[in-house]
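J.: Those sequence lines, one after another, are chains A and B.
Take 0 as the starting number for the first sequence in numbering that gives the first Met the number 0 and just add one per residue.
Take 0 as the starting number for the second sequence in numbering that gives the first Met the number 0 and just add one per residue.
Glycine residues also receive a C-beta, built at the ideal position from the N, C-alpha and C atoms.
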Amino acid sequence: MTDVVLDRIGKHYGKDVALDEIDLTFGRGVTGLLGPNGAGKTTLLRIIATALAADTGTVRVLGQDPLTTRGRTAIRRRLGYLPQEAGFPRGFTVFRFIDYFAILKEWDDRDARHDEVRRVVDAVDLTDVATKRIQSLSGGQRRRVLLAQALLGRPGLLVLDEPTNGLDPAQRARLRDLLSTAGETSTLLVSTHQTDDVAALCERVVVLEHGRVLFDGSVSGLIATADGKVWMSGERSSLARNAWRTGSGLWRNVGAPPAGADLVAPTLEDAYLMLVGDRALAEVGSTS
Amino acid sequence: MTSSDVWHADHDDLERFLDGRVGAVFAASLEAHVLACESCRAQLNGMAFEPEVEARWTGVRSRIEDPAPGAVEAFLRRLGLSQEATSLLAAVPSLRAGWLLGVGVSVAFAGLASLLSADLGLTLFLLVAPLAPVAGVAAAFGGDADPSHEIVTTTPFSAGRLLSLRTLAVLASSVPLAVAVGLLLPTPAWVAVAWLGPALAGVTATLALAPVAGLTVSSAVVGVAWTSAVVAADRASDPMALVGTASQLVCVLVIVVASAALLHQRSYDPLGRLS
């Protein structure tokens, strides 16, 4: 079932092109969005989440037109959205913040609403701090608070912009488990800079750059594009498009290998780097 | 074999026993049986304690999860607003104690200035009082006021309902304060309410311009326009002109036009939603 249909979607900010008339459809399961900063991932997710209107093209989400008031409301009733950045009202506790959004999501029965709030707080492993003020929490905990509100009501469409930002490895593993379960019954779109999250979680990956779709297919399909293009060497190869020194002391090279090179199986990160090039490498270096 | 092994207390009898609706002799008999019969004791325990424990636990949990609200919120709840409504109001700054204190201090400052000079006090009062609700409305919506604004925009809650609730709350909180200070000014008593014309014109104009320019810009435009009018009246040494007949007629015109624009924009969206 196709829940999101984007037909020649375009979005500009002044002279900058954020999305360049792209066509995409999304259905049930987990789809990862990869791309360097400014590739258009956040703009794409905001359009799908009805937070932003496209300049051109048509959008259908959950069978509705987001440009009509009725359509927007219908979409929002089945939507869970985690933006890239969001703050918190001053003085709110974890429970109260999520309860606030449960009210905005039309949970009118107080007992049922509070039960649902407890469920999502528990799902993101924050029960122990549910009554604490959000200002006193760590960055990872705050990110999970924001994620919890997106999970209210088990939405049919989950749009998560960099949900693993600020999470430690254990929290990321727990989140993957949570999201993979959600992806069994929902259409789940996840934007991230973490290729290992995509590799572990997503059935499908879409790579964006400069507002265009560079790749759209399975994770294994993206990895396969780097077959025979990754090799190890004692020093940096001049033929490598991207190369870095690994913990073993050997260099991992990505590019056109020389004859007799010690080829290794590519990872999703290798394939991603091959696809988007040096710009992404600089970004990986700055975020790792 | 004891008698407790061969019969068990009837459920209805146990209920009547718990409610104290059985006679003394039957109560004593039932009590003796329950003490000897594990099965009936368990049944009675379940009937007597579980609902009570559950009720107490729910109460404790609610108190912990929904701690005592702040002073303003507690006051609103005493006025009859639901917990849901006050939560929607508490998320933005315009109804926090600090904000109301700021409004109070600003208006009180204008009142105090009148002790030095009646004209200066009146001018300052007429500058501050109408702009307080305009600033309050601006602080009740939009990205600057609401740090979780983007998520709020993607919820199905009616934007119009949220707009009405927060605007009414802003007016209800700032107007009485300014009226009270206005009554203390050494000016005719009608001045204490006459500023409501410019205030309502400012609020409706701000809301009507918001879909086009955004709330921050629209409130700033209204603020600059009103400040310019106050400065001009001050230069003409005629601050009363700001609330005179001609001014009030202009305000009525602004209110009518802005309200019509608000009603006309069926897709009006104070939260910056799609238009």
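Look at the alpha carbon of Ser173(B) and the alpha carbon of Ala181(A), and state the distance between them as a whole number of angstroms.
T.: Here residue 173(B) refers to the residue found at position 174 when the second sequence is read from its first residue. Here residue 181(A) refers to the residue found at position 182 when the first sequence is read from its first residue. Distance between the alpha carbons of Ser173(B) and Ala181(A) is about 46 Å.
J.: Counting C-beta neighbours from all protein chains within 10 Å, is the total for Pro257(A) 16 or more, i.e. buried, or is it exposed?
T.: Translated into the one-based positions of the first sequence, residue 257(A) becomes position 258. Counting Cβ neighbours within 10 Å, Pro257(A) comes out exposed, since fewer than 16 surround it.
J.: In three-state DSSP terms, what is Thr339(A)?
T.: The first residue shown for chain A is 0 and the last is 287, placing residue 339(A) beyond what the model contains.
J.: Once DSSP output is grouped into helix, strand and coil, what is the label at Leu270(B)?
T.: Looking up residue 270(B) in the second sequence gives position 271. The predicted position of Leu270(B) is uncertain, since its pLDDT is 41 and thus under 50; no value can be drawn from it.
J.: Taking only the alpha-carbon atoms, compute the straight-line gap between His192(A) and Leu200(A) and give it to the nearest angstrom.
T.: To locate residue 192(A), count along the first sequence from 1; it is residue 193. To locate residue 200(A), count along the first sequence from 1; it is residue 201. Roughly 13 Å separates the two Cα atoms.
J.: Which of the three DSSP states is assigned to Ser217(A) in this structure?
T.: Residue 217(A) sits at position 218 when you count from the first residue of the first sequence. Here Ser217(A) sits in strand by DSSP.
J.: Can you tell me which of the three DSSP states Lys40(A) falls into?
T.: Start at 1 with the first residue of the first sequence, and residue 40(A) comes out as number 41. Correct three-state label for Lys40(A): helix.
J.: Leaving aside the five residues before and after Cys250(B) along the sequence, list all residues of the same chain whose C-beta is less than 8 Å from its C-beta, in chain order.
T.: Working through the second sequence from its first residue, we reach residue 250(B) at position 251. So the qualifying residues of the chain are Gly196, Pro197, Leu199 and Ala200.
J.: Am I right that Glu115(A) and Leu151(A) are in contact with their C-beta atoms under 8 Å? What's the rounded C-beta distance?
T.: Here residue 115(A) refers to the residue found at position 116 of the first sequence. Here residue 151(A) refers to the residue found at position 152 of the first sequence. At roughly 6 Å, the Cβ-Cβ gap stays under 8 Å, so Glu115(A) and Leu151(A) are in contact.
J.: For my contact list, Gly259(A) and Lys228(A) are in at a C-beta cut-off of 8 Å; report their separation, rounded to the angstrom.
T.: Locating residue 259(A) in the first sequence gives position 260, counting from the first residue. Locating residue 228(A) in the first sequence gives position 229, counting from the first residue. In fact, because the Cβ distance is near 15 Å, the residues do not count as touching under 8 Å.
J.: Which same chain residues end up closer than 7 Å to Val178(B) when comparing Cβ atoms and leaving out the 5 residues on each side of it in sequence?
T.: For the purposes of this step, residue 178(B) is identified with residue 179 of the second sequence, where counting begins at 1. Hits under 7 Å: Ala191 and Val192.
J.: If contacts are defined as beta-carbon pairs under 8 Å, then Ile150(B) and Pro35(A) qualify, I think. What distance do you get, rounded to the angstrom?
T.: For the purposes of this step, residue 150(B) is identified with residue 151 of the second sequence, where counting begins at 1. For the purposes of this step, residue 35(A) is identified with residue 36 of the first sequence, where counting begins at 1. With a Cβ gap of about 25 Å, Ile150(B) and Pro35(A) do not count as contacting.
J.: Got a sec? Which residues, its chain only, sit under 7 Å from Thr226(B) by beta carbon, not counting five neighbours each side?
T.: Translated into the one-based positions of the second sequence, residue 226(B) becomes position 227. Around Thr226(B): Leu126.
J.: Glu72(B) versus chain A: which residues are under 8 Å apart at the beta carbon?
T.: In the second sequence, residue 72(B) corresponds to position 73, counting from 1. What Glu72(B) touches in chain A: nothing, since even the nearest Cβ is about 10 Å away.
J.: Can you list the residues of chain A that Pro155(B) reaches, using a CB-CB cut of under 7 Å?
T.: Translated into the one-based positions of the second sequence, residue 155(B) becomes position 156. Those within 7 Å of Pro155(B) in chain A are Thr72, Arg75, Arg76, Lys104 and Glu105.
J.: Can you tell me the Cα-Cα spacing of His11(A) and Thr41(A), whole angstroms?
T.: Taking the first sequence and counting its residues from 1, the one referred to as residue 11(A) is at position 12. Taking the first sequence and counting its residues from 1, the one referred to as residue 41(A) is at position 42. Looking at the two C-alpha atoms, the distance is approximately 13 Å.
J.: When you compare only the Cα positions, how much space is there between Tyr122(A) and Asp176(A)?
T.: Within the first sequence, residue 122(A) is the residue found at index 123, counting from 1. Within the first sequence, residue 176(A) is the residue found at index 177, counting from 1. The residue asked about is misnamed: residue 122(A) is Ala in this sequence, not Tyr. Rounded to whole angstroms, Ala122(A) to Asp176(A) spans 10 Å at the Cα level.
J.: Apply the 10 Å Cβ neighbour rule to Lys14(A) and answer buried if 16 or more other Cβ atoms are within range, or exposed otherwise.
T.: Residue mapping note: residue 14(A) aligns to position 15 of the first sequence, counting from 1. Lys14(A) comes out exposed.
J.: Under 7 Å Cβ-Cβ, which residues of chain A neighbour Ile254(B)?
T.: For the purposes of this step, residue 254(B) is taken as the residue at position 255 of the second sequence. Ordered by position in chain A, no residue passes the 7 Å Cβ test against Ile254(B), which lies about 25 Å from the chain.
J.: Are any of the Cβ atoms in chain B nearer than 9 Å to that of Leu157(A)?
T.: Start at 1 with the first residue of the first sequence, and residue 157(A) comes out as number 158. Answer no: the Cβ-Cβ gap between Leu157(A) and chain B never drops below 9 Å.
J.: Any idea which residues DSSP pairs Glu149(B) with across the strands?
T.: Your numbering for residue 149(B) matches position 150 in the second sequence. Partner(s): none; Glu149(B) has no beta bridge.
J.: Across the stretch 162-171 of chain B and the stretch 70-80 of chain A, are there enough close Cβ pairs to call them in contact, namely three or more that are closer than 8 Å?
T.: No, they do not touch.
J.: What are the complete alpha helix (DSSP H) segments, minimum 4 residues, inside the stretch 141-198 of chain A?
T.: Counting only runs of 4 or more, we get 168-181.
J.: Since Ile97(A) contacts Ser86(B) with CB under 8 Å, what's their CB separation in whole angstroms?
T.: Sequence index remark: in the first sequence, residue 97(A) carries index 98 (1-based). Sequence index remark: in the second sequence, residue 86(B) carries index 87 (1-based). With a Cβ gap of about 11 Å, Ile97(A) and Ser86(B) do not count as contacting.
J.: For His7(B), which residues of its own chain have a beta-carbon under 7 Å away from its beta-carbon, when the five flanking residues on both sides are left out?
T.: The sequence position of residue 7(B) within the second sequence is 8, counting from 1. Cys36, Ser38 and Cys39.
J.: Residues of chain B with a CB under 7 Å from the CB of Gly86(A): which are they?
T.: Translated into the one-based positions of the first sequence, residue 86(A) becomes position 87. Within chain B, the residues near Gly86(A) are Pro146 and Ser147.
J.: Comparing the C-beta of Ser173(B) with each C-beta of chain A, is any distance below 9 Å?
T.: Counting from 1 along the second sequence, the entry for residue 173(B) is found at position 174. No, its Cβ sits nowhere closer than 9 Å to a Cβ of chain A.
J.: Listed from N- to C-terminal order along the chain, which residues in the stretch 185-215 of chain B have their beta-carbon within a distance smaller than 7 Å of any beta-carbon of chain A?
T.: Hits within the stretch: zero.
J.: Could you work out which residues of chain B lie near Tyr80(A), taking near to mean beta carbons separated by less than 7 Å?
T.: Start at 1 with the first residue of the first sequence, and residue 80(A) comes out as number 81. Neighbours of Tyr80(A) on chain B, chain order: Ile150 and Thr153.
J.: Taking only runs that begin and end inside the stretch 184-240 of chain B, name each unbroken alpha helix (DSSP H) of 4 or more residues, in chain order.
T.: Complete alpha helix (DSSP H) runs here, min 4: 190-193, 195-212 and 214-234.
J.: List, in order along the chain, the chain B residues whose C-beta lies closer than 7 Å to that of Phe25(A)?
T.: Stepping through the first sequence from its first residue, residue 25(A) is reached at position 26. Correct list: empty, because the minimum Cβ distance to chain B is about 17 Å.
J.: So Ala257(B) and Ala212(B) are in contact, right, with Cβ under 8 Å, and what is the actual spacing, rounded?
T.: The residue you call residue 257(B) lines up with position 258 of the second sequence. The residue you call residue 212(B) lines up with position 213 of the second sequence. Their Cβ separation, rounded to whole angstroms, is 13 Å, which puts Ala257(B) and Ala212(B) out of contact at 8 Å.
J.: Could you tell me which residues DSSP pairs with Phe25(A) in its beta bridges?
T.: As a working mapping, residue 25(A) is identified with position 26 in the first sequence. DSSP output for Phe25(A) lists Val3(A) as bridge partner(s).
J.: List in chain order: all unbroken beta strand (DSSP E) runs of 3+ residues lying wholly within the stretch 216-257 of chain A.
T.: Complete beta strand (DSSP E) runs here, min 3: 229-232, 239-244 and 250-254.
J.: Please check the pair Leu43(B) and Val33(B), which I expect to be a contact at CB under 8 Å, by giving their CB distance rounded to whole angstroms.
T.: In the second sequence, the residue the question calls residue 43(B) occupies position 44. In the second sequence, the residue the question calls residue 33(B) occupies position 34. Indeed they touch by this definition, with Cβ atoms about 6 Å apart.
J.: Does DSSP classify His288(A) as helix, strand or coil?
T.: The question about residue 288(A) has no answer, for chain A in this structure spans 0 to 287.
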